[in-house]
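For what it's worth, full-length UniProt numbering labels the leading residue of the sequence shown as 1, then goes sequentially. See below for the structure under consideration.
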Amino acid sequence: MDINVSLEELARLTPGYVGADLKALAREAAMCAVNRIFETAVDLKSGTKRVSIEEIELELQKSKTIGILIKF
Numbered sequence: 001m002d003i004n005v006s007l008e009e010l011a012r013l014t015p016g017y018v019g020a021d022l023k024a025l026a027r028e029a030a031m032c033a034v035n036r037i038f039e040t041a042v043d044l045k046s047g048t049k050r051v052s053i054e055e056i057e058l059e060l061q062k063s064k065t066i067g068i069l070i071k072f
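What follows is the structure, encoded as structure tokens:
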């Protein structure tokens, strides 16, 4: 994760999440970062891209929307 990601903020954004939920969220946010690297044609040898809080929030919003639809 990016050094600017606060674990306290992450905990606040994910009430009721269990380890598996957080793992899935992190995986989806990481995939978002990978997709961004390929979209911008960055050389993969130049280093790793850390997951930002924005990517985590985006994937969190997606997962909440899916959860609402599943419950419906």
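We treat Cβ as the ideally placed atom computed from N, Cα and C, and that holds for glycine.
**Q.** Burial state of Ala29 (16 or more Cβ within 10 Å)
**A.** buried
Q. So what's Val34 in DSSP terms, helix, strand or just coil?
A. helix
Q. On the premise that Ile53 lies in contact with Val5, defined as a C-beta separation below 8 angstroms, what is that separation, rounded to the nearest angstrom?
A. 5 angstroms
Q. Where does Leu7 land, buried or exposed, given buried means 16+ other C-beta within 10 angstroms?
A. exposed
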